[in-house]
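>
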Amino acid sequence: MSWSRGLERTFRPSMRTREQRDLFPGALEMMILRTLKRQPLHGYALVQQIKRTSNDLLQIEEGSLYPALQRLLKEELVKADWGISSTNRRVRTYKLTAKGAKHLEHEVSRFERMLEGIARVLAPGES
Amino acid sequence: MMWLRRLFSRRRLYKDLSEEIREHIEEKVEELVATGMSRKEAAAEARREFGNVTLIEEDSRDAWRWPSFENFLMDLRYGLRMLRKDTGFTAVAVLTLALGIAVNAAMFSLVSGFLLARPPGREPERVAAITSVNPAGGFLPDASAVSAPNYLAWRQANHVFEDMAAADAYRTVNLSSQFQSTADGPPEPLRDAAVSPNYFSVLGVSPQLGRTFSDGEDQPGRDHVAILSHEIWERRFGSDASLIGRTIRLNRENYTVIGVMPASFSLLGFPHQLWTPLVLTAADQTAAARKDRSLYLFARLKPGVTLDEARAEVVTLARGAGETFPETEKGWGAGVRTLPDFLVYAFGIRNALAILMTTVGFVLMIACANVAGLLLARSAGRRKELAVRIALGAGRLRIVRQLLTENLVIAFLGGAVGLLFAYWGIPFVRANLNFNEAISAVPLSLDWNVLLFALGVSLVCAVLCGLAPALNASRTDINTNLKDESRTASQGRSHSRLRRVMVTGEIALALFLLVGTGLLIRGIFLIAHQNLGFRPDHLLTAGVTLDNARYKEASQQARFVQDVVPRLQQIPGAAVVAVASDLPATGPNTVTLQVKGQPELPANQRLRALDVLVSTDYFRAAAIPLLHGRTFAETDNATAPPVVVVNEEFVQRHLLGHEPLGKQIRLDVSGSTPQWSEIVGVVANVKTHSEGSRDDPEVYEPFLQRPVSSFSLMVRATSDPNSLASALRSAIAQMDAELPLARVMSMPEVIEHQRGGDSFFVILLGGFALLALILSAIGIYGLIAYSVGQRTHEIGIRLALGARNPDVLRMILREGLKMSAIGSAIGLALALPLPKLFDAMFYGLYLSELRLYFIVPTAILLTAMLATYIPARRAMRVDPMVALRHE
């Protein structure tokens, strides 16, 4: 029946965009917060920094940073100010807020616990 | 108020965002240029690395808003824009839906007025209506009235009711002119309910003025108090507030007005104008009084008692009465319903409303199918637009939502226009639905129920019309559509298959409706032109109810009739004058009876016959032919041996064709000692109801042998009967100035009045069925026209390859014919059991009209062929050269 086929196709989430945007939900946000904790950066520098630190292992579409940044701004985990960069460019620099720092800590510990759990399951030999 | 500030600062946020993204790409470009790339290459590379700018900007903005609601608003704006652009489509779609919704809303106003209206009073669901269940069957046997002894006994013995009230609901009381003059209007019969003093408190209603009855006012001597309805207070007494405490004349006696009920106090089917106390004397408690079942009981449930518990108790009480008084109570049961349920049930309008709602439901489905077809056609035309939107990153869900929003706009526009139509239509329905006081008393309006219903219907329409086309459109294949190869690709198959299924369904529904309506119209026609068994022309009629004050005794009632007939005979132009308890063909009462020599049957199997009391010249006045024996003579009076005249049907059915003259029968008449009566004559059948085709066994008794207080006068005139009306009135006024005449009208008017509801009902149904046919024709036309348009290219190729015009015409016609034939077959199959169904719903309306099953499908096929032919002719005129270059 043509209807049901339509329904199925319509409501299946589109995998294409999700894969490229996030590794898992919240991962990109966590990386941004972690990077900003070290130093305030503007968008372009931020994405370059993440790419560099990850040794280009993580293929992040540069643009995908911005929706994440807007979400963080809204949650007041970061704040942004316009300024002039060292290369004399008008840039919007993002800075971690106190709330952001606390959120990062929480998220990292949660992530580590999760990672530990996964590692145990994946560890060879034991079962 | 963060979110509020955000709402206003959003523009700045978005500007920052765009600027930031622009700067980001700039920086990237510069960096790439620095590595030696050309500026153009660098710009392309930067964009590639960045991703879809528009989509990302949109996603980023999403962070700041309530996406679903704002998307909806955006869709709404977009939808409105698209609909404005395509005015023709919008107008047709909105109008189609408006018609469908209008008829539904207008008919639902009936449902709302009759079925959903909450009775007045406190917690009407906690009020139980207690009725008898008549073992002999008949019309609504389980809503029969209760006898006074049972009322008194049950009221005492039950443990489930706080209080129980009784109402003798169908009394007529004559309101005389107050000062024995006609200054304040002529005497007028009023619909009175004699109620127990606690009636109003059990229902939980209060008067607008004054008070209701108090305890003890049901005792003889204290019972001359009356409560007026708002209508009478307004019309007869000019809304005079000082009326309370004053005296009015009812049935020649002085009554004190103690209260006026508000206009809102009206129970469905009980359109009372007056309430007086119900006086129960010792005579009402005798065993003989058990046969007189005339009380409706209303009782308020004790807190915590359920309706089922109450029913169980009342049924037990009724069974007890059956054991104690087997002679009168055997087989009789009891029924308990909530007040709202009882009123609707006893009114017996459910079936007619069910038919009406089903019909308009079908009309709506047809309208929805048409609009869905239009949307499918339109979405095919919009494939490119959708492809562009999908290519730009719109998700499927988003597309479906956008299209559904457009449909919602169409449906609500349709709903709004439809409500406007309904707003005009409801007064029309109200004005034409007036064949009795109870029907006329129910207000109809575009109330909240109707509004909510229309809203719901609109929503359902939006989904019904829109989901399939929207899903279909969202499957748009970007590549084919953007490459513009669609013109050679044949129409999406599933797509036109869906439309075909819908059009076929429309035809089936239209056929079903037409056959159903045709059957009813045919039935009404047959009934309107049937031989009633008497001559209604030149008959003037009027109703008389003699009051107890002057005409309490049977002898007084007999004397009145003996006096009135010769007096009326004096009126110039009056040929024959007669008196009858019921006018011919107006559904007289039924009695059970026994034929001497036949075995006595149990209560529920006893023979039944209509029972009419007539004066000597009745058969001559009504022109009912005498077949055997004689009719009544003046000598058949109270002192003479009892005699009866029966009709032909009686002889056939109850005497099995045996010689009737000289046979003795005994009628079970309440309030009189049963005695054997001799059959002295046989007359031809008269229809039981002028609006039905039934012939029932009928017994005529001489009025003088069993006088009654309520009867009709019949005057056969030599000229226009209505010209005698004033002479009739003054003749009665001369006899008795305080005796009012009710319903002075000619017999054809009486019949018209009785049929009024039916013909209006059928006109409504016929209108709806026709609407369904027209809508289906439009549906077929739209589909074929569209498919011809789509196939222009294909037809061009066919013509170029040597197909001839007739071949093409045949091809297109075949397409239309196939759908109509399948649709008709389905519709016919659905319509086959209709006669049985109508017979079950309308007492004695069995219509097997075989011709209809040929006429209607033929008409449908012709209509469908016409709707197909117009676009098919266009296909024939396709010029191959033009068609192949098409686009």
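Those protein sequence lines, which keep their order, are chains A and B. Counting in the working numbering, the first sequence tops out at residue 112, every number present. Counting in the working numbering, the second sequence tops out at residue 1202, every number present. Yeah, the Cβ is synthetic: ideal placement off N, Cα and C, and Gly gets one too.
1. Okay, do the region 1050 to 1063 of chain B and the region 963 to 974 of chain B touch, 3+ Cβ pairs below 8 Å being the bar?
2. Out of curiosity, what's the CA-to-CA distance linking residue 632 of chain B and residue 469 of chain B?
3. Residues of the region 72 to 94 of chain A with a CB closer than 9 Å to any CB of chain B: list them in chain order, please.
4. Rounded to a whole number of angstroms, what is the C-alpha to C-alpha distance between residue 1024 of chain B and residue 857 of chain B?
5. Within the continuous beta strand (DSSP E) that includes residue 504 of chain B, where are the two ends?
6. So, is the C-beta of residue 343 of chain B closer than 8 Å to a C-beta in chain C?
7. Between residue 1204 of chain B and residue 600 of chain B, which are expected to be in contact by the criterion C-beta below 8 Å, what is the C-beta distance as a whole number of angstroms?
8. Between B:348, B:331, B:611 and B:572, which lies nearest to residue 445 of chain B when the distance is taken from Cα to Cα?
9. Hey, out of B:1144, B:1122, B:346 and B:1143, whose CA is closest to residue 1191 of chain B's CA?
10. Is the region 723 to 739 of chain B close to the region 1055 to 1064 of chain B, with three or more CB pairs under 8 Å?
11. In chain A, which residues lie less than 8 Å from residue 368 of chain B when you measure between Cβ atoms?
12. Please report the straight-line C-alpha distance between residue 1011 of chain B and residue 843 of chain B, rounded to a whole angstrom.
13. Does any CB atom of chain A fall closer than 8 Å to the CB of residue 338 of chain B?
14. In three-state terms, what does DSSP make of residue 1004 of chain B?
15. Around the C-beta of residue 898 of chain B, are 16 or more other C-beta atoms found within 10 angstroms, so that it is buried, or is it exposed?
16. Who does residue 480 of chain B pair with in a DSSP beta bridge?
17. Distance, Cα to Cα, residue 447 of chain B vs residue 720 of chain B?
18. Report yes or no: do three or more beta-carbon pairs, one from the region 860 to 870 of chain B and one from the region 1176 to 1196 of chain B, lie closer than 8 Å?
19. In or out: residue 971 of chain B buried (at least 16 other Cβ within 10 Å) or exposed?
20. Can you confirm whether the region 386 to 406 of chain B touches the region 742 to 753 of chain B when touching is taken to mean that 3 or more C-beta pairs between the two stretches lie within less than 8 Å?
21. DSSP on residue 1057 of chain B, reduced to helix/strand/coil?
22. For the alpha helix (DSSP H) holding residue 943 of chain B, just list the boundary residues, first then last.
23. Buried or exposed, going by whether 16 or more other CB atoms sit within 10 Å of the CB of residue 820 of chain B?
24. Per DSSP, what are the beta-bridge partners of residue 1026 of chain B in this structure?
25. For residue 387 of chain B, which residues in chain A fall below 8 Å Cβ to Cβ?
26. Exposed or buried, which one is residue 27 of chain A when buried takes at least 16 other CB atoms within 10 Å?
27. Can you tell me which residues form a DSSP beta bridge with residue 962 of chain B?
28. What beta strand (DSSP E) runs, 3 residues minimum, are completely inside the region 579 to 648 of chain B?
29. Against chain A, does residue 335 of chain B count as a neighbour if the rule is that its beta carbon must be under 8 Å from one of theirs?
30. Please identify the residue among B:695, B:647, B:701 and B:921 whose C-alpha is closest to the C-alpha of residue 1104 of chain B.
31. For residue 616 of chain B, which option in B:644, B:595, B:591 and B:652 has the closest C-alpha, if you only look at C-alpha atoms?
32. Quick one: does residue 325 of chain B have its CB under 8 Å from some CB of chain A?
33. Between residue 59 of chain A and chain B, is the shortest Cβ-Cβ distance under 8 Å, so that the two count as touching?
34. How would you label residue 563 of chain B, buried or exposed, when you count the other beta carbons within 10 angstroms and need 16 or more for buried?
35. Using a beta-carbon distance cut-off of less than 7 Å, what residues from the region 7 to 32 of chain A approach chain B?
This is what the structure gives:
1. no
2. 7 Å
3. 72, 74, 75, 76 and 77
4. 14 Å
5. 503 to 510
6. Within the model displayed, chain C is absent; protein chains A and B are what it includes.
7. For chain B, the structure presents residues 316 to 1202; residue 1204 of chain B sits outside this window and is missing.
8. B:611
9. B:1122
10. no
11. 48
12. 18 Å
13. yes
14. strand
15. buried
16. B:613
17. 55 Å
18. no
19. exposed
20. no
21. strand
22. Segment 941 to 944 is the beta strand (DSSP E) holding residue 943 of chain B; no alpha helix (DSSP H) there.
23. buried
24. B:859
25. Simply none; closest approach about 18 Å.
26. buried
27. B:998
28. 589 to 592 and 608 to 616
29. yes
30. B:695
31. B:652
32. no
33. yes
34. buried
35. 28 and 29
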